[in-house]
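Q: First to last, the protein sequences are chains L and H. Each residue of the first sequence is one higher than the one before, starting from 1 at the first, in the working numbering. Each residue of the second sequence is one higher than the one before, starting from 254 at the first, in the working numbering.
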Amino acid sequence: MTSRREFLLSTGKMLILTGAAAQAYEHVLAGTPENAPNYKTSEHWWAMAIDIEKCIGCGGCVKACKEENGVPKQPFFFRTWVERYHVKEGDAEHPEVDSPNGGYDGFPEKYRTKDNSKSFFVPKLCNHCAHSPCVQVCPVGATFESPDGVVLVDKSYCLGCRYCVQACPYGCRYIHPETNTVDKCTLCYHRITKGLTTACCEVCPTAARQLGDLKNPNDPIHEFLRQHKVQVLKPQMATGAKVYYNGLDGSVR
Amino acid sequence: MEETLLSAVQGYMYPNEMELQWSVLIVLYPFITGLVAGAFILASLERVFNVAAVKPTYRLALLTALAFLLVAPLPLQLHLGHPERSIEMYLTPHTSSAMAMFGFVYLWYLMVVLVLEIWLDYRKEIVLKARSERGFLGKVYKVMTLGVDNISPESLAVDEKVGRFLTVVGIPSAFLLHGYVGFIFGSIKANPWWSTPLMPIVFLFSAIVSGIALVLLTYMFVSAVKGRKIDMPCVDTIARYLMYAFIIDFSLEMLDLLHRVYEADESFKSLDFMVHTKLYTSQILVQIVFGTLVPIGLLAMTQLVTLTERARKGIYATAGGLTLMGIFAMRWNVVIGGQLFSKSFLGYTTYKMGFATREGLLPAILLLLLPFGILWVLIKLLPPWESDEAAPSEGPPSPEPLPAAAASDPVEAL
Chain L
1 MTSRREFLLS TGKMLILTGA AAQAYEHVLA GTPENAPNYK TSEHWWAMAI
51 DIEKCIGCGG CVKACKEENG VPKQPFFFRT WVERYHVKEG DAEHPEVDSP
101 NGGYDGFPEK YRTKDNSKSF FVPKLCNHCA HSPCVQVCPV GATFESPDGV
151 VLVDKSYCLG CRYCVQACPY GCRYIHPETN TVDKCTLCYH RITKGLTTAC
201 CEVCPTAARQ LGDLKNPNDP IHEFLRQHKV QVLKPQMATG AKVYYNGLDG
251 SVR
Chain H
254 MEETLLSAVQ GYMYPNEMEL QWSVLIVLYP FITGLVAGAF ILASLERVFN
304 VAAVKPTYRL ALLTALAFLL VAPLPLQLHL GHPERSIEMY LTPHTSSAMA
354 MFGFVYLWYL MVVLVLEIWL DYRKEIVLKA RSERGFLGKV YKVMTLGVDN
404 ISPESLAVDE KVGRFLTVVG IPSAFLLHGY VGFIFGSIKA NPWWSTPLMP
454 IVFLFSAIVS GIALVLLTYM FVSAVKGRKI DMPCVDTIAR YLMYAFIIDF
504 SLEMLDLLHR VYEADESFKS LDFMVHTKLY TSQILVQIVF GTLVPIGLLA
554 MTQLVTLTER ARKGIYATAG GLTLMGIFAM RWNVVIGGQL FSKSFLGYTT
604 YKMGFATREG LLPAILLLLL PFGILWVLIK LLPPWESDEA APSEGPPSPE
654 PLPAAAASDP VEAL
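Laid out in structure tokens, this is it:
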């Protein structure tokens with residue numbers, strides 16, 4: 001016998017969320033999405049494809065991420081941010097890089113064309129490495145690689161020792177000033193396990209960022225990886241990074 | 254705070270890098286554990302390698318090591334975002350994490366090596382004190398006997414044997430303790446300033462250097478305060494070992510530097526710029542010139558020129574002080590220096606130390622003074638020098654003239 005309260009709750013959920021998401025909702029909330037009837041962690045392997053040619057530096061992704069994930073608004077806390085590179089012809093060793101407020105408000109025009117240089121935007125986020133140096137060093141295992149390939153943090157377990165922040169070669173982690181624990185991109189785990197895409201991908205006006213499931217043979221990411229010359233950031237770090245960039249210039253670090 | 258952080262940045266840093274993660278407290282951690290390991294290794298010289306000349310400092314070195322080891326985890330605790338969860342490192346250690354091993358290495362070293370060795374070495378005196386002292390102090394000694402009051406010659410001979418064995422185990426343990434601290438930094442591939450297999454070895458030798466310097470200074474200071482004569486052959490020997498260890502340490506650091514300069518990999522320009530600007534004072538001047546070359550030069554002078562006792566004492570005190578300053582600067586340059594440049598190699602930030610904040614200068618100074626307070630108490634409870642008076646008659650003669658109980662009132666003994 002369903003009480004009125006239960007009936008209203010479940011109907012509400014069904015109305016607000018998609019049917020599939022509603023089914024998984026409780027399990028995701030409980031931190032056990034693998035138990036959700038329609039989400040099997042073993043059936044996914046998450047990655048992201050970023051097309052630098054398409055990024056216009058609007059900063060929508062940065063805003064959406066901060067909104068969605070409660071990231072502090074100050075300019076030194078980011079789960080994702082956008083960098084602008086300015087490279088003089090043939091001088092990949094000395095790029096000029098800026099990221100005012102992480103690209104949150106977009107980029108004020110700064111460079112003129114036709115000065116023998118090129119400019120482009122590079123969105124950055126956690127690379128959800130398959131061999132994460134941050135996970136390796138955590139003294140208590142509070143940060144871990146989920147079976148579906150996402151690097152996550154258990155906030156209730158993190159000591160706040162900051163060793164993982166030191167170990168990340170990409171600068172993707174920060175200490176959340178309210179919880180005093182480490183925070184980072186979760187690839188919007190609360191969304192992707194419900195069949196949605198990440199907040200940053202959702203709002204990207206040019207589809208420069210696309211979430212991909214490498215275990216899903218029908219996912220467009222396979223086409224992206226086949227059709228483009230892709231590269232990951234700092235490949236020499238051998239971290240098994242899973243954010244694949246098309247059009248990544250050699251000057252980007 | 255926002256403006257300060259942003260204004261501290263030159264060039265480009267990843268946004269999350271603007272805030273420095275590890276403060277002066279994390280500088281203290283390798284500095285203090287280094288002193289522990291070094292002091293212990295000096296103590297073991299006498300016991301394992303039979304360097305009789307350093308005997309007067311044997312017990313003092315052990316007590317110094319203990320005093321500093323007790324303080325070693327405090328800066329870490331103060332730094333943690335959630336110190337109340339630190340017990341999880343023991344309960345659910347992550348086996349691939351170097352840091353997770355800290356708790357175990359620490360406990361092993363504290364309980365199995367240091368405390369046990371000190372207890373065995375002092376057991377006879379503790380039992381005698383427990384018999385003679387009354388009141389609160391008597392109770393303290395009684396507890397310290399751990400209920401064992403057999404001090405027959407056979408029993409003491411066993412103590413001696415076990416103690417010697419412990420020292421033998423203790424040497425690799427001391428190496429482990431500090432080599433491991435070096436590994437914490439040396440194994441971070443993301444940070445080229447830290448990532449070198451030489452790091453544990455450099456840390457180890459600098460630890461030995463700092464520990465020897467500390468015991469040398471403490472011995473001279475305590476003797477002066479107590480009005481006891483400084484045993485010159487002893488300090489001469491210690492100073493000589495200090496010089497040898499320092500030369501090895503300096504050679505290793507220069508090897509590291511040479512390697513970096515010659516290889517000049519992708520990080521080199523960035524690090525080179527940092528050493529010439531933000532780290533110039535602390536690295537070139539304080540660490541290398543005044544903290545290494547000057548003390549090595551001073552110590553070398555005592556080997557080459559015949560000097561009066563007074564002059565030698567002055568030189569040892571100066572060299573010892575400069576050495577401690579230099580090693581502290583080395584820890585500073587590793588920990589803080591490793592965070593001043595961006596992992597993009599395109600920018601630099603500045604470390605702004607607070608004063609009376611949780612991770613500021615004041616707690617750092619207090620944490621550095623605390624071990625001396627602990628040492629003072631330890632010296633009162635367990636006087637490290639041989640007594641001027643005869644040992645109480647109830648004590649059986651020891652097989653070799655062990656340092657007997659100190660003056661009957663340990664409070665007066667100081």
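Glycine included, each C-beta is placed from N, C-alpha and C at the ideal position.
Going by DSSP, what residue range makes up the alpha helix (DSSP H) through H/G550?
A: Reading the second sequence from its first residue, position 297 is the one you call residue 550 of chain H. Taken as a continuous stretch (DSSP letters only), the alpha helix (DSSP H) holding H/G550 covers 547-557.
Q: Taking the straight line between their C-alpha atoms, what separation do you get for H/L620 and H/A325?
A: The residue given as residue 620 of chain H occupies position 367 in the second sequence. The residue given as residue 325 of chain H occupies position 72 in the second sequence. Taking the straight line from one Cα to the other gives about 9 angstroms.
Q: Could you tell me if H/E378 is buried or exposed, where buried requires 16 or more neighbouring beta carbons within 10 angstroms of its beta carbon?
A: Residue 378 of chain H sits at position 125 when you count from the first residue of the second sequence. Looking at its Cβ environment, which holds 16 or more other Cβ atoms inside 10 Å, H/E378 is buried.
Q: List, in chain order, every chain L residue whose beta-carbon is nearer than 7 angstroms to that of H/G432.
A: On the second sequence, residue 432 of chain H is found 179 positions in, with the first residue counted as 1. Under a criterion of Cβ atoms nearer than 7 angstroms, no residue of chain L is adjacent to H/G432; the nearest Cβ is some 17 angstroms distant.
Q: Mind reading off the beta-carbon distance from H/F321 to H/G423? Whole number of angstroms is fine, and I expect it under 8 angstroms.
A: Here residue 321 of chain H refers to the residue found at position 68 when the second sequence is read from its first residue. Here residue 423 of chain H refers to the residue found at position 170 when the second sequence is read from its first residue. No, H/F321 and H/G423 are not in contact; Cβ-Cβ is about 15 angstroms, not under 8 angstroms.
Q: Measure the C-alpha to C-alpha separation of L/E83 and H/L508 and round it to an integer number of angstroms.
A: Along the first sequence, one-based indexing puts residue 83 of chain L at 83. Along the second sequence, one-based indexing puts residue 508 of chain H at 255. L/E83 and H/L508: Cα-Cα distance of roughly 37 angstroms.
Q: Could you check whether H/H347 and L/P139 sit closer than 8 angstroms to each other, using their CB atoms as the reference points?
A: In the first sequence, counting from the first residue as 1, residue 139 of chain L sits at position 139. In the second sequence, counting from the first residue as 1, residue 347 of chain H sits at position 94. Yes, they are a contact pair.
Q: Just tell me which of H/E516, H/V558, H/V462, H/V401 has its CA closest to the CA of H/T449.
A: Residue 449 of chain H sits at position 196 when you count from the first residue of the second sequence. The candidate whose alpha carbon is nearest that of H/T449 is H/E516.
Q: Please confirm if H/L327 has its CB atom under 8 angstroms from at least one CB of chain L.
A: Start at 1 with the first residue of the second sequence, and residue 327 of chain H comes out as number 74. Closer than 8 angstroms: no.
Q: If you measure between the beta carbons of L/H44 and L/D148, is that distance less than 8 angstroms?
A: What you label residue 44 of chain L is simply residue 44 of the first sequence in a count that begins at 1. What you label residue 148 of chain L is simply residue 148 of the first sequence in a count that begins at 1. Yes, the pair counts as a contact, with Cβ atoms nearer than the cut-off.
Q: With a threshold of 8 angstroms between beta carbons, is H/Y267 in contact with chain L?
A: The residue labelled residue 267 of chain H in the question sits at position 14 within the second sequence. Interface residue, yes.
Q: Taking the beta carbon of L/T186 as the centre, do at least 16 other beta carbons fall within 10 Å, making it buried, or is it exposed?
A: As a first step, residue 186 of chain L must be located in the first sequence, where it is residue number 186. Counting Cβ neighbours within 10 Å, L/T186 comes out buried, since at least 16 surround it.
Q: Taking 7 angstroms as the cut-off, is the CB of H/A351 close to at least one heavy atom of the ligand ADP?
A: Absence of the ligand ADP from the depicted structure is noted, as is the absence of any ligand whatsoever, leaving it without description.
Q: Let me see if you follow: with CB-CB separation under 8 angstroms, is L/T181 close to chain C or not?
A: The question asks about chain C, but that chain is absent: this structure's protein chains are L and H.
Q: Just to confirm, is the Cβ distance from H/E341 to L/L152 under 8 angstroms?
A: To locate residue 341 of chain H, count along the second sequence from 1; it is residue 88. To locate residue 152 of chain L, count along the first sequence from 1; it is residue 152. Result no, Cβ atoms of H/E341 and L/L152 do not sit closer than 8 angstroms.
Q: Quick check on DSSP: helix, strand or coil for H/N444?
A: Taking the first residue of the second sequence as 1, we reach residue 444 of chain H at position 191. Coil at H/N444, not helix or strand.
Q: Between H/L233 and L/H131, what straight-line distance do the alpha-carbon atoms span, to the nearest angstrom?
A: Chain H is shown only over 254 to 667; residue 233 of chain H falls outside these bounds and no answer can be derived.
Q: Within 10 angstroms of the Cβ of H/R584, are there 16 or more other Cβ atoms? Answer buried if so, exposed if not.
A: Numbered from 1 along the second sequence, position 331 holds the residue referred to as residue 584 of chain H. So H/R584 counts as buried.
Q: Alpha carbon to alpha carbon, what distance is there between H/I279 and H/G291?
A: As a working mapping, residue 291 of chain H is identified with position 38 in the second sequence. As a working mapping, residue 279 of chain H is identified with position 26 in the second sequence. Taking the straight line from one Cα to the other gives about 19 angstroms.
Q: Thinking just about the alpha-carbon of each residue, which of L/E109, L/L233, L/V232, L/E178 is nearest to the one in L/V71?
A: For the purposes of this step, residue 71 of chain L is identified with residue 71 of the first sequence, where counting begins at 1. The shortest Cα separation from L/V71 among L/E109, L/L233, L/V232, L/E178 belongs to L/E178.
Q: What would DSSP say about L/M48, mapped onto helix, strand or coil?
A: As a first step, residue 48 of chain L must be located in the first sequence, where it is residue number 48. Strand, per DSSP.
Q: Would you report the Cα separation of H/R493 and H/L560, rounded to the nearest angstrom?
A: Counting from one through the second sequence, the residue named residue 493 of chain H turns up at place 240. Counting from one through the second sequence, the residue named residue 560 of chain H turns up at place 307. If I take the Cα positions, the gap works out to 14 angstroms.
Q: For H/A498, which of H/T471, H/Y533, H/Q536, H/A553 has the nearest alpha-carbon?
A: Working through the second sequence from its first residue, we reach residue 498 of chain H at position 245. Among H/T471, H/Y533, H/Q536, H/A553, the Cα nearest to that of H/A498 is on H/A553.
Q: Ignore the nearest five residues each way along the sequence and tell me which others in H/A305's own chain have a CB closer than 8 angstroms to its CB.
A: Within the second sequence, numbered from 1, the residue matching residue 305 of chain H stands at position 52. Correct list, in chain order: E299.
Q: In this structure, how does DSSP classify H/I483 when only helix, strand and coil are distinguished?
A: Along the second sequence, one-based indexing puts residue 483 of chain H at 230. Coil.
Q: Verify whether the separation of the beta carbon atoms of H/Q681 and H/L273 is less than 8 angstroms.
A: Residue coverage of chain H in this structure runs from 254 to 667, which leaves residue 681 of chain H outside it and unanswerable.
Q: Would you kindly check if the distance between the Cβ of H/F598 and the Cβ of L/R253 is under 8 angstroms?
A: The residue you call residue 253 of chain L lines up with position 253 of the first sequence. The residue you call residue 598 of chain H lines up with position 345 of the second sequence. Their beta carbons are under 8 angstroms apart, which means L/R253 touches H/F598 by this criterion.
Q: My output table needs one value for H/G264: the three-state DSSP class, helix, strand or coil.
A: The count along the second sequence starts at 1 and reaches residue 264 of chain H at position 11. Note: H/G264 maps to strand in three-state DSSP.
Q: Quick check for students: name the residue ranges of the beta strand (DSSP E) that lie wholly in the stretch 126-179 of chain L, counting only runs of 3 or more.
A: 143-145, 151-153
Q: Shortest alpha-carbon distance to H/G573 belongs to which of H/T490, H/L258, H/L495, H/V478?
A: As a working mapping, residue 573 of chain H is identified with position 320 in the second sequence. The option with the nearest alpha carbon to H/G573 is H/L495.
Q: Examine chain H for any beta-carbon lying closer than 8 angstroms to the beta-carbon of L/E178, and answer yes or no.
A: In the first sequence, residue 178 of chain L corresponds to position 178, counting from 1. No, L/E178 lies away from the interface with chain H (no Cβ there is under 8 angstroms from its Cβ).
Q: Taking any Cβ of chain H, which residues in the stretch 153-169 of chain L have a Cβ under 8 angstroms from it, in chain order?
A: Shown in chain order are the members of the stretch 153-169 of chain L whose Cβ falls below 8 angstroms from a Cβ of chain H: Y157, C158, L159, G160, C161, R162, Y163, V165, Q166, A167, C168, P169.
Q: Tell me the DSSP secondary structure of H/W585 in three-state form.
A: Counted from its first residue, the second sequence places residue 585 of chain H at position 332. DSSP places H/W585 within a helical segment (H, G or I) once states are collapsed to three.
Q: Ordered along the chain, which non-local residues of its own chain (more than five positions away) have a Cβ less than 8 angstroms from that of H/F543?
A: As a first step, residue 543 of chain H must be located in the second sequence, where it is residue number 290. Within the same chain, H/F543 has close Cβ partners L575, M578, G579.
Q: Would you kindly work out how many angstroms separate the C-alpha atoms of L/V97 and L/T197, rounded to a whole number?
A: Stepping through the first sequence from its first residue, residue 97 of chain L is reached at position 97. Stepping through the first sequence from its first residue, residue 197 of chain L is reached at position 197. C-alpha separation (whole angstroms): 29 angstroms.
Q: Which bits of chain H does L/F76 rub up against, with CB to CB less than 7 angstroms?
A: Mapped onto the first sequence, residue 76 of chain L falls at position 76. Near L/F76 (Cβ distances below 7 angstroms), the residues of chain H are L258, P268, N269, M271, E272.
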